[in-house]
Amino acid sequence: MFKKMEKAKQIENSWDSLVAGVRAGNVRAMARLITRVEDREPGWKDAMKAIWPHTGNARIFGITGSPGTGKSSLTCEIAAELVSRGLSVGIIAVDPSSPFTGGALLGDRLRMKKIFNLKDIFIRSMATRGMLGGLSQAARDVVRIMDAFGKDIILIETVGVGQDEIEVVKAADLVMMVCIPGQGDGIQALKAGVMEIADLYIINKADLPGTDEVMADIQGMLELSSEIGYPVAPVLKTSALKNQGIKDLVETLLTHQAGKNKQEFKRGIQVKEEILTLMEREVFRSIRSRWEHSGELAEAVQQMIDKKKDPYSTVTEMLDHILKE
Amino acid sequence: MDQKKMNMEKKIRVLVAKPGLDGHERGAHVVAYGLRDAGFEVIYTGLRQTTKQIVNTAIQEDVDVIGLSILSGAHLSLSQKVIEGLKTQDAEDIIVIVGGIIPEEDIPLLKAMGVCEVFTAGTPVSAISDFISASISSN
Ligand SMILES: Nc1nc2c(ncn2[C@@H]2O[C@H](COP(=O)(O)OP(=O)(O)OP(=O)(O)O)[C@@H](O)[C@H]2O)c(=O)[nH]1
Ligand SMILES: [Mg+2]
Chain S
68 MFKKMEKAKQ IENSWDSLVA GVRAGNVRAM ARLITRVEDR EPGWKDAMKA IWPHTGNARI
128 FGITGSPGTG KSSLTCEIAA ELVSRGLSVG IIAVDPSSPF TGGALLGDRL RMKKIFNLKD
188 IFIRSMATRG MLGGLSQAAR DVVRIMDAFG KDIILIETVG VGQDEIEVVK AADLVMMVCI
248 PGQGDGIQAL KAGVMEIADL YIINKADLPG TDEVMADIQG MLELSSEIGY PVAPVLKTSA
308 LKNQGIKDLV ETLLTHQAGK NKQEFKRGIQ VKEEILTLME REVFRSIRSR WEHSGELAEA
368 VQQMIDKKKD PYSTVTEMLD HILKE
Chain H
787 MDQKKMNMEK KIRVLVAKPG LDGHERGAHV VAYGLRDAGF EVIYTGLRQT TKQIVNTAIQ
847 EDVDVIGLSI LSGAHLSLSQ KVIEGLKTQD AEDIIVIVGG IIPEEDIPLL KAMGVCEVFT
907 AGTPVSAISD FISASISSN
């Protein structure tokens, strides 16, 4: 095995050459850089520092909604339409990791086959990897790498159920909420937490009966929320299956301009959240690895199992100890 | 120390792909779910993939391993095309394994063209996940 590896033709794996590769439009370098950054290999922050100056050109669209509403199928159609308009597209498709095994089945590509071989399309599947808030940071990093590569548009697909999944679309400039006919009750359930982030509603599967009903539900809900000050988001009908309404949708996406104030407000929240998340994870990472290496953590766990100590005083003591240094 | 072992956040990524025209997805499903349960990140792309789609997907997803599920009898030519595709894209470090209905006498031929391991129909998924874990950590 090792012998085969030595001879194998593969890319130069150093941070410098990967960053340079991304800048030069090398797909394999981009894919590898994403992996190393996602895995948080030592040096990842310096690599992102080098990527940073080359970002800010791409537009980032989030696509969320309940399981099975057709997000991947729509993403595929939107991407194909964007490419036909001469744009280069990156797709990030997020699925949950199992909290028990850490494994994940990433199946969004199933519905995107027809764009696999388009050279202007790059698709990356990502698992949530279980760390709350961590995903949105990792997704943001992937967005930036694609941006620095030269992607014009980046689409992020996430299931809109868990907090983690909703977090991720906060990395987007514009968020589409995908609904389907027959989802009337679902609309009610979606309200909390999602209302605030959706800029655009899509009723997909509009080839099925019940489209007008769900349209009325959504508009009713939007009317209510406009009374408490939310801007009224557009509602569009599509059928990813029959390729209907896609051109209109893409037109709306490309011309959508949120009010400047809202945009700046949102930007402020995003940046603040990013800094805090990064800080939180770095502090946690360094404290945890110190505790683990010094054996203090194992010791504390044992003391708790033996009922010699409670978790509250353990944490307080450990923190006091660190802050004194 | 090996960086991969040291880094807790490193995940092994596997592409489970079905090249060619056979329409039997069950085996690939079992493997995909089994590998997920073994803690891998599994990218599943469904039936009837062209070898070019498989190579492109493997590169974009930067997988460590490609598992080809082939029941159609065309395993020799399909595997050959995937391995050549990887070579032309400087991606020979991606490990290729093959599973499905593979006659005994073809196994050495597959290995000679660069397939790392062959799992014939009925192999428990744990044997596949053990092989993958061992191959990746020995790099
Ligand atoms: N009738 C109809 N079916 C559709 C349409 N779009 C998608 N589907 C079907 O809906 C199912 C789910 O589609 P996906 O694109 O995988 O949905 P998704 O929201 O990405 O699903 P998850 O990622 O699993 O949450 C598939 O069987 C699609 O063929 C549509 O416009 N009309
Ligand atoms: Mg999907």
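Just so you know, the protein sequences line up as chains S and H, in that order.
Under the working numbering, think of the first position of the first sequence as 68, with each following residue one higher.
Under the working numbering, think of the first position of the second sequence as 787, with each following residue one higher.
Here a beta-carbon is modelled for each residue, glycine too, at the ideal position from N, C-alpha and C.
No experiment lies behind these values; they were computed from the predicted model shown.
Contacting residues, own chain, Cβ-Cβ under 6 Å from residue i (five flanking each side not counted)
| i | result |
| --- | --- |
| I918/H | V851 |
| G157/S | F189, M213, K218 and I221 |
| E394/S | Nothing can be reported for residue 394/S, as the shown portion of chain S is limited to 68 through 392. |
| V242/S | G129, V236, I264, A265 and D266 |
| D823/H | none |
Cα-Cα separation, residue i to residue j
| i | j | result |
| --- | --- | --- |
| N124/S | K218/S | 8 Å |
| Q204/S | T909/H | 39 Å |
| F69/S | R348/S | With a pLDDT of only 44 at F69/S, under 50, the local geometry of the prediction cannot be trusted, and the value read off the model is given with reservation. Approximately 35 Å between the Cα atoms of the pair. |
| G362/S | K374/S | 18 Å |
| P805/H | H323/S | 40 Å |
| M282/S | V302/S | 8 Å |
| M115/S | L386/S | 30 Å |
| A367/S | T381/S | 7 Å |
| I888/H | Q835/H | 19 Å |
| L345/S | R357/S | 18 Å |
| G859/H | H810/H | 13 Å |
| G88/S | A96/S | 5 Å |
| D788/H | I798/H | Unreliable positioning characterises D788/H in this predicted model, as indicated by a pLDDT of 38, which lies under 50. The coordinate reading is nonetheless provided below. Each residue's alpha carbon lies about 15 Å from the other. |
| L100/S | W82/S | 8 Å |
| H861/H | L872/H | 16 Å |
| I264/S | V161/S | 17 Å |
| R334/S | H815/H | 42 Å |
| L85/S | E79/S | 7 Å |
| K865/H | V901/H | Reading the sequence as shown, one finds Ser at residue 865/H and not Lys. Near 8 Å, if we compare the C-alpha coordinates of V901/H and S865/H. |
| L896/H | R176/S | 28 Å |
| D377/S | E340/S | 32 Å |
| R107/S | Q286/S | 43 Å |
| I159/S | H388/S | 42 Å |
| D879/H | V849/H | 10 Å |
| R178/S | T831/H | 8 Å |
| T319/S | G312/S | 11 Å |
| L980/H | K304/S | Because chain H spans 787 through 925 in this model, residue 980/H falls outside it and cannot be assessed. |
| S192/S | K391/S | 43 Å |
| A117/S | V350/S | 22 Å |
| S155/S | A171/S | 28 Å |
| I354/S | N310/S | 52 Å |
| G296/S | F332/S | 15 Å |
| H360/S | R352/S | 12 Å |
Contact set for residue i: own chain, Cβ-Cβ below 8 Å, skip 5 residues either direction
| i | result |
| --- | --- |
| I182/S | C143, A146, A147, V150, I188 and I190 |
| K791/H | Here the model assigns K791/H a pLDDT of 39, short of 50, so the residue's position is not dependable, and the following value carries that caveat. S923. |
| P396/S | There is simply no residue 396/S to check, as chain S begins at 68 and stops at 392 in what is shown. |
| A238/S | I127, G129, S203, A206, R207, V210, I223 and Q337 |
| K817/H | Looking at the sequence provided, one finds Val at residue 817/H rather than Lys. V802, G853, S855, G885, V911 and I914. |
| L308/S | G137, S140, K272 and D274 |
| V841/H | V868, G871, L872, Q875 and A877 |
Integer-rounded CB distance, given that residue j should sit under 8 Å from residue i
| i | j | result |
| --- | --- | --- |
| I881/H | S923/H | Not confirmed; about 12 Å, so no contact. |
| Q839/H | N184/S | 6 Å |
| L173/S | V828/H | 7 Å |
| L857/H | V868/H | About 16 Å; that fails the 8 Å criterion. |
| T837/H | L801/H | No, T837/H and L801/H are not in contact; Cβ-Cβ is about 12 Å, not under 8 Å. |
| R132/S | V245/S | Per the sequence shown, residue 132/S should be read as Gly rather than Arg. That belief holds up - the Cβ atoms of G132/S and V245/S are roughly 3 Å apart, short of 8 Å. |
| H121/S | A194/S | Contact doesn't hold; Cβ gap of about 26 Å is too wide. |
| I845/H | V317/S | I845/H to V317/S, Cβ: 27 Å. No contact. |
| A877/H | Q370/S | In fact, because the Cβ distance is near 50 Å, the residues do not count as touching under 8 Å. |
| G820/H | A907/H | 14 Å between Cβ atoms; not a contact. |
Sequence-distant residues of its chain with Cβ nearer than 7 Å to residue i (five each side left out)
| i | result |
| --- | --- |
| V299/S | L289 and S293 |
| L833/H | K804, G809 and E811 |
| A91/S | none |
| W111/S | R103 and V104 |
| M899/H | S865, Q866 and I869 |
Length-filtered (3 minimum) beta strand (DSSP E) runs lying within the segment 278 to 310 of chain S = 302 to 304, all fully within the segment 278 to 310 of chain S.
Residue ranges of each alpha helix (DSSP H) run of no fewer than 4 residues wholly in the segment 333 to 367 of chain S, ordered along the chain?
-> Counting whole runs of 4 or more residues, the segment 333 to 367 of chain S contains no alpha helix (DSSP H) stretch at all.
Between the segment 822 to 843 of chain H and chain S, which residues of the former have CB atoms less than 7 Å from a CB of the latter, in chain order?
-> Of all residues in the segment 822 to 843 of chain H, R822, D823, A824, G825, F826, E827, V828, I829, Y830, T831, G832, K838, Q839, N842 and T843 have a Cβ within less than 7 Å of some Cβ in chain S.
Can you list, in chain order, the stretches of the alpha helix (DSSP H) that have 4 or more residues and sit fully within the segment 80 to 114 of chain S?
-> Fully contained in the segment 80 to 114 of chain S are the following alpha helix (DSSP H) runs of length 4 or more, in chain order: 82 to 90 and 94 to 105.
Closer than 8 Å, Cβ to Cβ, to anything on chain H: give me those residues from the segment 201 to 229 of chain S, in chain order.
-> For the segment 201 to 229 of chain S, which is checked against every Cβ of chain H, not one residue is closer than 8 Å.
Residues in the segment 161 to 184 of chain S with C-beta within 8 Å of chain H's C-beta atoms, listed in sequence order?
-> Within the segment 161 to 184 of chain S, the qualifying residues are S164, S165, T168, G169, G170, A171, L172, L173, G174, R176, L177, K180, F183 and N184.
Interface positions of the segment 872 to 891 of chain H facing chain S (Cβ-Cβ less than 7 Å), listed along the chain = Contacts with chain S (Cβ-Cβ distance below 7 Å) from the segment 872 to 891 of chain H involve K873, Q875, D876, A877, E878 and D879, listed in chain order.
Taking only beta carbons into account, state which residues of the segment 850 to 872 of chain H come closer than 8 Å to chain S, listed in chain order.
-> For the segment 850 to 872 of chain H, no residue has a beta-carbon sitting nearer than 8 Å to a beta-carbon of chain S.
Mind pulling the beta strand (DSSP E) runs of 3 or more residues that sit fully within the segment 111 to 187 of chain S?
-> Whole beta strand (DSSP E) segments, 3+ residues: 126 to 132, 156 to 162 and 171 to 173.
Note down, one range per segment and in chain order, each alpha helix (DSSP H) of at least 4 residues found wholly within the segment 842 to 881 of chain H.
-> Taking only runs of at least 4 residues, the alpha helix (DSSP H) segments lying wholly in the segment 842 to 881 of chain H are 861 to 874.
Would you list, in chain order, the members of the segment 801 to 823 of chain H that have their beta-carbon closer than 8 Å to a beta-carbon of chain S?
-> Answer set for the segment 801 to 823 of chain H: A818, Y819, L821, R822 and D823.
Alpha helix (DSSP H) runs contained entirely in the segment 201 to 247 of chain S, provided each spans 4 or more residues = Under the rule that a run must span 4 or more residues, the alpha helix (DSSP H) segments found entirely inside the segment 201 to 247 of chain S read 201 to 216 and 230 to 235.
In chain order, which alpha helix (DSSP H) runs of at least 4 residues are fully inside the segment 878 to 924 of chain H?
-> The qualifying runs are 893 to 898 and 911 to 923.
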